[in-house]
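Here the structure comes first, spelled out in structure tokens, and everything after it is commentary.
Protein chains: 2
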Amino acid sequence: MTASSSRARRTDALSNRARILAVAGDAFAASSNTSMTTIAKQAGVGVGTLYRHFPTREALIVELYHHEIQKVIDLAHTLAAELPPLDALRRWFEEVAHYGKLKYGFSEVIHAATNGGLDDKNYEPFVRAIAVLLDAGAASGDLKRDLDAEDVLLQLSVLWRIPPGEDAATRATRLLNLILDGLRARPAPPPGSPG
Amino acid sequence: MTASSSRARRTDALSNRARILAVAGDAFAASSNTSMTTIAKQAGVGVGTLYRHFPTREALIVELYHHEIQKVIDLAHTLAAELPPLDALRRWFEEVAHYGKLKYGFSEVIHAATNGGLDDKNYEPFVRAIAVLLDAGAASGDLKRDLDAEDVLLQLSVLWRIPPGEDAATRATRLLNLILDGLRARPAPPPGSPG
DNA sequence: AGAAGTACCGGAAGGGCTTCCGCTTAATTT
DNA sequence: AAATTAAGCGGAAGCCCTTCCGGTACTTCT
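Just so you know, the protein sequences line up as chains A and B, in that order.
Per the working numbering, the very first residue in the first sequence carries number 38; after that it's consecutive.
Per the working numbering, the very first residue in the second sequence carries number 38; after that it's consecutive.
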């Protein structure tokens, strides 16, 4: 059922693409700001070819971490099914913060999507994963009911903008708690409290 | 008491600096991503001169909006003194969001500071302004007691990363509410509630 | 006024991202 | 097997930010 309109992709194009991904994986692992030119050179192709396959630096990165991103997205669904809503949310946030620190594919997805680039292919599943977690919390009454998944995603993006340093982990935890508390349903104030 | 070590600044340097600032003000107002080269050209100086006066693009922007930034910082102190803590905080956040949208000097300050650039000259007053607001809230019991001003600043930075669009204002408000709820002191859960 | 000293200027140059387009060559047709 | 066609290639070129340094021209001293 694959819509192969006219011709199949050329084999050299295929192998180039694969080689670029392999090289880029190593390159970014070594230094996260390796230049496109360098990657092209190492892969033995011209910049033009690199850009034909990945129209943007961010596109390349997103493609690279595609699998890891998918794993995290899947995790959201698993957690939502297996844990109490609040725990699920917290666990997932922690996972996101962790990955965001190590690799930084997430950060790129958010940034690209947030800044109008990138089609929804990568962004939307992320949003839906959050929505699942939020829905579970809304159903159980632990979370507010009118939460917007994109809002939450935006808040999460703060987690990987924490400047690196020895207290980074502590800050991440603190911020995570603040975010979570913001999402939690507020108990009604006791009657007769000062207005 | 000014430490004028050897000589006074040259008059051409002074006038160049002033002209650059004037030109840059207009240029950024017209298009926030005007290039340094363009600004230099419009100011009738070489890029080298531009960079001698403002070692970085962000430095130029920060200097440009210095006054506005100071105004917002002052406002924090005023509000803290005049309004109930929660109202003061909300009002101030709204102001920050507003300015951040219009100009974007703030965004640059945060970004620069967050990414290790920029000395504290611009960053610290911002943090202290927040601290004042937080302290007032802690004293009145409306806010949590152990809040970190830098954490809150980081959260605020989300406000000016909202993608522009017709619903931007709505989203800003929603996010602002989430952030505020995260900062508010949580009433103790009623005794006997499910753990 | 003239000379000396140096703060400051200007723009070439290096490195980055991305676009463009003439040429190559794999895939397909005859 | 030769011819045809267009997918794909490569790298020059445009624009950006920033650095560097030889030359200029304010200031100051005599």
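Idealized CB from N, CA, C, for every residue including glycine.
A quick note: this is a predicted structure, and the numbers were derived from the prediction, not measured.
Min CB distance residue i to chain A below 8 Å
| i | result |
| --- | --- |
| Pro224 (chain B) | yes |
| Arg94 (chain B) | no |
| Leu101 (chain B) | no |
Amino acids of chain A, ordered along the chain, whose beta-carbon sits closer than 9 Å to that of residue i
| i | result |
| --- | --- |
| Leu215 (chain B) | Lys181, Leu184, Asp188, Val189, Gln192, Ile216, Gly219, Leu220 |
| Arg208 (chain B) | Asp185, Glu187, Asp188, Leu191 |
Cross-chain neighbours of residue i in chain B, by beta carbon under 8 Å
| i | result |
| --- | --- |
| Leu212 (chain A) | Asp188, Leu191, Gln192 |
Where residue i falls: helix, strand or coil (DSSP)
| i | result |
| --- | --- |
| Leu180 (chain A) | strand |
| Arg46 (chain A) | coil |
| Arg223 (chain A) | coil |
| Phe130 (chain A) | helix |
| Val189 (chain B) | helix |
| Phe91 (chain B) | coil |
| Glu161 (chain A) | helix |
| Leu155 (chain A) | Confidence at Leu155 (chain A) is low in this model, with a pLDDT of 44, below 50, so the placement of that residue should be treated as unreliable; the coordinate-derived value is given next. Coil, per DSSP. |
| Asn70 (chain B) | coil |
| Pro122 (chain B) | helix |
| Tyr136 (chain B) | helix |
| Ile199 (chain A) | coil |
| Asp204 (chain B) | coil |
| Gly85 (chain B) | helix |
Proximal chain B residues relative to residue i, where beta-carbon distance stays under 7 Å
| i | result |
| --- | --- |
| Arg56 (chain A) | Result: empty, since nearest Cβ-Cβ is about 33 Å, beyond 7 Å. |
Interface partners of residue i on chain B, CB under 9 Å
| i | result |
| --- | --- |
| Arg128 (chain A) | Those do not exist, as Arg128 (chain A) stays about 18 Å from chain B at its closest Cβ, beyond 9 Å. |
Any C-beta of chain B under 8 Å from that of residue i
| i | result |
| --- | --- |
| Leu155 (chain A) | Interpretation of Leu155 (chain A) is limited by its pLDDT of 44, a score under 50 that renders its predicted location unreliable; no figure is taken from the coordinates. |
| Gly232 (chain A) | Here the model assigns Gly232 (chain A) a pLDDT of 46, short of 50, so the residue's position is not dependable and the matter cannot be decided. |
Classification of residue i by the beta-carbon crowding that lies within 10 angstroms, buried from 16 upward
| i | result |
| --- | --- |
| Ser68 (chain B) | exposed |
| Arg198 (chain A) | buried |
| Ser194 (chain B) | buried |
| Gly174 (chain B) | buried |
| Leu101 (chain A) | buried |
| Ala50 (chain A) | exposed |
| Pro224 (chain B) | exposed |
| Pro122 (chain B) | buried |
| Ala77 (chain B) | buried |
| Asp187 (chain B) | The residue asked about is misnamed: residue 187 (chain B) is Glu in this sequence, not Asp. That one is buried. |
| Ala66 (chain A) | exposed |
| Arg44 (chain B) | exposed |
| Ala176 (chain A) | exposed |
Identity of the residue in the options nearest residue i by Cα
| i | options | result |
| --- | --- | --- |
| Arg127 (chain A) | A:Pro224, A:Arg223, A:Gly219 | A:Gly219 |
| Ala61 (chain B) | B:Thr48, B:Leu51, B:Ala50, B:Met73 | B:Met73 |
| Ile216 (chain B) | A:Val189, A:Glu203, A:Gly202 | A:Val189 |
| Val133 (chain B) | B:Leu51, B:Arg56, B:Ala50, B:Leu191 | B:Leu191 |
| Tyr136 (chain B) | B:Thr115, B:Glu105, B:Pro121, B:Ala118 | B:Glu105 |
| Leu81 (chain B) | B:Gln107, B:Arg208, B:Ile57 | This sequence places Gly at residue 81 (chain B); Leu is not what is there. Closest by alpha carbon: B:Ile57. |
| Asp111 (chain A) | A:Phe163, A:Gly202, A:Asp49 | A:Phe163 |
| Ala117 (chain A) | A:Leu51, A:Ser52, A:Ala168 | A:Ala168 |
| Arg54 (chain A) | A:Asn70, A:Thr71, A:Val84, A:Thr207 | A:Val84 |
| Thr71 (chain B) | B:Asp185, B:Arg94, B:Ala125 | B:Arg94 |
| Lys130 (chain A) | A:Ala206, A:Thr86, A:Arg46 | The question names Lys, yet the displayed sequence has Phe at residue 130 (chain A). With distances taken between Cα atoms, Phe130 (chain A) lies closest to A:Ala206. |
| Leu87 (chain A) | A:Leu170, A:Lys108, A:Ala59 | A:Ala59 |
| Leu184 (chain B) | B:Pro201, B:Gly202, B:Arg165, B:Leu196 | B:Arg165 |
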